[in-house]
């Protein structure tokens, strides 16, 4: 969130602050009229005109007549951000695959690539080398090179320098990935936990737009969570993310987790648990799991009963999260987005009935992410844009 200039601030600093705030507004909310920008930013029209004219001269925005007109008279011009004016590289590292994309202002994905991360090449140096190898060809296709990098990792990451303390499902520990990438690619690198960045993306571009208190829960090989509180990403001591909900013990003495504990929530609702519930091999690829879930959704209530125990564990964990964090909205991401709509509705109803906090709120909503597998990639881009946009 951008701070408000105080009395005594130099005119150049005020202009820079207002310019960054206007560009941030366009980046998040999309095309807008000058009048709307003036209202949203609390600035007079002459100031907005000067800012827009300056950004247009620099090629950062342009003004166009809206494609659809309403009412009589001359339509107000729309101010549009130019995606190529500032580009960042977003990287999403997962247990079974990795993806990278060039993302422009406004969140537009300009180019992308991805590769499978197999068990034999999951070592930190192998993943780092692959990123560097893919970087050159991806950037060469675009006119505008990236100015910063955002990286999503499924683990405990130190924001200040991108040091990965631990990523259990990757079997990583004490990996200075941020420093490696910054040195090799000669760009500033910003890194965060994958679920935390998924929450940011949902808040800015997904189903949580406009919601101030949100929990994002995603299922892949593991289960992670990100928290938006009062409109901001919630972090704990040392700037580390809050939301390692997958390692909340729900079944003492249960299955052994990658983290070393037993009975973690992700052992009951993660990828392998979902495979067991569906009656398919635990090592089935993601595509097969999604296909099975979609097929199940067409077979009626009796077929969905196969997921009864899975739903109980999912509801148990979500109930704990809702009672603890009091969100108005829970967004389910990754594999959870393939759950049949009646199953999601069941989970939502159960959470509302069982959670004291949800009842006090009038019912916490539970929805699936519209961003799908791009959520964490877009979240990584937003992490990079935080500093890029503030420098305008």
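In this note's numbering, the protein residues as written are 56 to 447.
Think of the CB as a built atom: it goes at the ideal place given N, C-alpha and C, for glycine as much as any other residue.
The model shown is predicted, which means the values in this text are computed figures rather than measured ones.
Sequence-distant residues of its chain with Cβ nearer than 8 Å to residue 443 (five each side left out): Around residue 443, the same chain offers 141, 143, 202 and 203 as residues with beta carbons nearer than 8 Å, after the five sequence neighbours per side are excluded.
Given 8 Å, three or more beta-carbon pairs between the region 129-137 and the region 145-154: Touching, no, given that fewer than three Cβ pairs across the two stretches are closer than 8 Å.
Beta-carbon proximity of residue 372 to residue 278, cut-off 9 Å: Between residue 372 and residue 278, the C-beta spacing is below 9 Å.
Spatial distance of residue 91 from residue 80 (CA atoms): In a straight line, the C-alpha of residue 91 is about 10 Å away from that of residue 80.
Ranges of the beta strand (DSSP E) found wholly within the region 115-166, counting only runs of at least 3: Listed in chain order, the complete beta strand (DSSP E) runs (minimum 3 residues) inside the region 115-166 are 116-119, 133-136, 142-148 and 152-159.
Straight-line gap, residue 223 to residue 206 (C-alpha atoms, nearest Å): When the Cα atoms are used, residue 223 and residue 206 turn out to be separated by approximately 17 Å.
Classification of residue 56 by the beta-carbon crowding that lies within 10 angstroms, buried from 16 upward: Any reading at residue 56 is ruled out, since the residue's pLDDT is 43, under 50, leaving its predicted position unreliable.
Bridge-paired residues (DSSP) for residue 310: Residue 310 is bridged by DSSP to nothing; it lacks a bridge partner.
3-residue-minimum beta strand (DSSP E) runs that sit fully inside the region 359-423, ordered along the chain: Fully enclosed beta strand (DSSP E) runs of 3 or longer: 384-389 and 420-423.
Residue interval of the alpha helix (DSSP H) (run including residue 273): Run containing residue 273: none in the alpha helix (DSSP H); it sits in the beta strand (DSSP E), 269-274.
Inter-residue Cα distance where the pair is residue 113 and residue 208: Rounded to the nearest angstrom, the two C-alpha atoms are 35 Å apart.
Any 3 or more C-beta pairs closer than 8 Å across the region 271-285 and the region 314-334: In short, these stretches touch, since the Cβ pair count reaches three.
Local conformation of residue 98 per DSSP, three classes: The DSSP-derived three-state label of residue 98 is coil.
Alpha-carbon spacing of residue 165 relative to residue 184, whole angstroms: Using only the alpha carbons, I get a separation of about 23 Å.
Alpha helix (DSSP H) segments (min. 4 residues) lying fully within the region 158-220: The region 158-220 contains, as complete alpha helix (DSSP H) runs of 4+ residues, the segments 179-195 (chain order).
Close Cβ partners of residue 88 (< 8 Å) along its chain, the five nearest in sequence each way excluded: Only 131, 132, 133 and 134 meet the Cβ criterion.
Residues of its chain near residue 167, where Cβ-Cβ distance is below 6 Å and the 5 sequence neighbours each way are ignored: The beta carbon of residue 167 lies closer than 6 Å to those of 156 in the same chain, with the five residues before and after it left out.
Close Cβ partners of residue 286 (< 6 Å) along its chain, the five nearest in sequence each way excluded: Within the same chain, and ignoring the five residues on either side of residue 286 in sequence, the residues whose Cβ sits closer than 6 Å to its Cβ are 267.
Top-ranked residue by Cα proximity to residue 314, from 227, 270, 429 and 333: Closest by alpha carbon: 227.
Rounded C-alpha distance that separates residue 162 from residue 437: When only Cα atoms are considered, residue 162 and residue 437 end up about 8 Å apart.
Counted within 10 angstroms of its Cβ, other Cβ atoms place residue 431 as buried (16 or more) or exposed: Answer is buried; the Cβ neighbour count reaches 16.
Residue 422 to residue 396 span [Cα, whole Å]: Take the alpha-carbon of residue 422 and the one of residue 396: they are about 9 Å apart.
Residue 290 vs residue 220 beta-carbon contact at 9 Å: In this structure, the beta-carbon distance from residue 290 to residue 220 does not fall below 9 Å.
Residue environment, residue 120, which counts as buried when at least 16 other CB atoms sit within 10 Å: Label assigned to residue 120: exposed.
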